[in-house]
Amino acid sequence: MKPVGLKLPDADDDWIPHMEDMPFHRLGGEAGVRALAEAFYDAMDANEPELARLHELDSNGRVGPGTRERFGLFLIGWLGGPQHYMEKHGHPRLRMRHGHLPVNLAHRDAWVRSMQRALDARGVKGGVRRFLDQRFAEVADFLRNTEG
3 MKPVGLKLPD
13 ADDDWIPHME
23 DMPFHRLGGE
33 AGVRALAEAF
43 YDAMDANEPE
53 LARLHELDSN
63 GRVGPGTRER
73 FGLFLIGWLG
83 GPQHYMEKHG
93 HPRLRMRHGH
103 LPVNLAHRDA
113 WVRSMQRALD
123 ARGVKGGVRR
133 FLDQRFAEVA
143 DFLRNTEG
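With the working numbering as the guide, the letters of the sequence shown map in order to residues 3 to 150.
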């Protein structure tokens with residue numbers, strides 16, 4: 003995959019999202035967000051095998067390309083870019099789409115660690131990183147559907 007540049011200011015910036023400057027833009031547009039999705043599943047494959055096994059795996063035991071593609075499309079729209087996911091798959095309905103899986107605290111934490119590793123690998127820092135760390139943690143917690 004070709005490297006995608008980020009539009010990130012210094013680590014101590016006070017950035018907050020607005021319509022003309024969403025996380026989608028800061029991460030490098032569609033290519034940058036897709037690269038984040040790939041880095042996320044690469045981190046999950048390498049460090050969170052129990053979580054990875056909840057996904058469709060390819061012949062090498064890695065999270066498969068279909069899952070990676072859907073998540074990339076979802077992130078593009080969720081981060082302020084074009085709504086390709088909704089055009090192709092309809093409304094994300096995150097709780098419904100994850101309802102068949104038991105999502106507990108350990109899964110939530112493994113998911114967040116995978117995303118933090120992906121953001122680290124992509125060099126995401128500063129205000130956009132603080133914003134994304136908070137939002138991803140909120141969504142991961144929202145998807146919990148079992149205790150423990």
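Built from N, CA and C at the ideal position, the CB exists for glycine as well.
All figures in this text were calculated on a predicted structure; none of them were measured in a lab.
Return the residue from the list 32, 73 and 144 that minimises the CA-CA distance to residue 84. Minimum Cα distance to residue 84 is reached at 32.
Are the region 129-148 and the region 63-77 touching, with three or more C-beta to C-beta distances below 8 Å? Cβ pair count under 8 Å is below three, so no.
Spatially closest choice to residue 42 from 69, 128 and 147, by CA coordinates: Nearest to residue 42 by alpha-carbon distance, out of 69, 128 and 147, is 69.
Buried versus exposed, by CB contacts within 10 Å (16 or more), residue 12: Model confidence at residue 12 stands at a pLDDT of 48, short of 50, so the residue's coordinates are unreliable and nothing is read from them.
Have a look at residue 36 and residue 149 and give me their C-alpha separation to the nearest angstrom. The straight-line gap from Cα to Cα measures roughly 32 Å.
Residues in the same chain with beta-carbon distance under 8 Å from residue 18, minus the five sequence neighbours each way, listed in chain order, please. The beta carbon of residue 18 sits closer than 8 Å to the beta carbons of 129 and 133 from its chain, once the five residues preceding and following it are set aside; these are given in chain order.
From residue 74 to residue 91, what does the alpha carbon distance come to, in whole angstroms? Counting only the Cα atoms, residue 91 lies some 13 Å from residue 74.
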